[in-house]
Amino acid sequence: MKKILSIAVFLPALCLAENLVKDGAMDSSTAWKGDRKFEEIEGNRVLSIEAKDNRVVAVSQELNTRDLSDLNYQFRYRSENYKGRGLQFRGTRSDGSSTYRTIEVKSDGQWHEYSSTFTAVRGSKDVTFAFELLEGEGTVQIDDVVIEPKS
Numbered sequence: 012m013k014k015i016l017s018i019a020v021f022l023p024a025l026c027l028a029e030n031l032v033k034d035g036a037m038d039s040s041t042a043w044k045g046d047r048k049f050e051e052i053e054g055n056r057v058l059s060i061e062a063k064d065n066r067v068v069a070v071s072q073e074l075n076t077r078d079l080s081d082l083n084y085q086f087r088y089r090s091e092n093y094k095g096r097g098l099q100f101r102g103t104r105s106d107g108s109s110t111y112r113t114i115e116v117k118s119d120g121q122w123h124e125y126s127s128t129f130t131a132v133r134g135s136k137d138v139t140f141a142f143e144l145l146e147g148e149g150t151v152q153i154d155d156v157v158i159e160p161k162s
């Protein structure tokens, strides 16, 4: 009985975290803007970004941050053949200023999880989050993107 009561108490708390991203599971093609392509890998639809030698390739989505200050974000990525300077995850505020993290992409064909905290909303009502694949060659797949208020 105690176990059931504990589950009943904590389950609603788990559901309170709201993913601010539209289509983080990549089930449709409408929420993401930019140089995007979708493909199916292992029966799962994913966002695929192909690197260019001479420019950064970006895919983004604007989120209503409702004056939040801190956000947790996480996603999965994989690559079999990317060779380049890395993948940046950037948050650009409505005033044009931005904060980013650069991730060294492991090109081993395995899925890798990445998570961090974006602590620089700075009162901006809207933040555009972007995956920016830096100059290079090859492809990176992205899936299961979650951005939620830090509890």
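Each number in the working numbering corresponds to the 1-based position in the sequence shown with 11 added. Glycine included, each C-beta is placed from N, C-alpha and C at the ideal position. Bear in mind that the values here come from a model prediction, so they are computed numbers and not experimental data.
Each of GLN152, PHE142, SER71 was checked against the Cα of TRP122, and the nearest Cα belongs to GLN152. Per DSSP, the unbroken beta strand (DSSP E) holding THR113 starts and ends at 109 to 114. In the DSSP assignment, LYS48 falls within the beta strand (DSSP E) that extends over 48 to 52.
In this structure, the alpha-carbon of ILE158 lies about 6 Å from that of LEU31.
For SER59, the uninterrupted beta strand (DSSP E) segment begins and ends at 55 to 61. Taking the CA atoms as reference points, GLU53 sits about 14 Å from ARG87. By the Cβ neighbour-count rule, ALA28 is exposed, with fewer than 16 other Cβ atoms within 10 Å of its own. In terms of Cβ geometry, THR139 and GLU73 form a close pair [threshold 7 Å]. One alpha carbon belongs to ARG101, the other to GLY35, and they sit about 16 Å apart.
Of the candidates TRP43, SER109, LEU98, LEU98 places its Cα closest to the Cα of GLY149.
Rounded to whole angstroms, the Cβ separation of SER59 and LYS48 is 5 Å, and the two are in contact under 8 Å.
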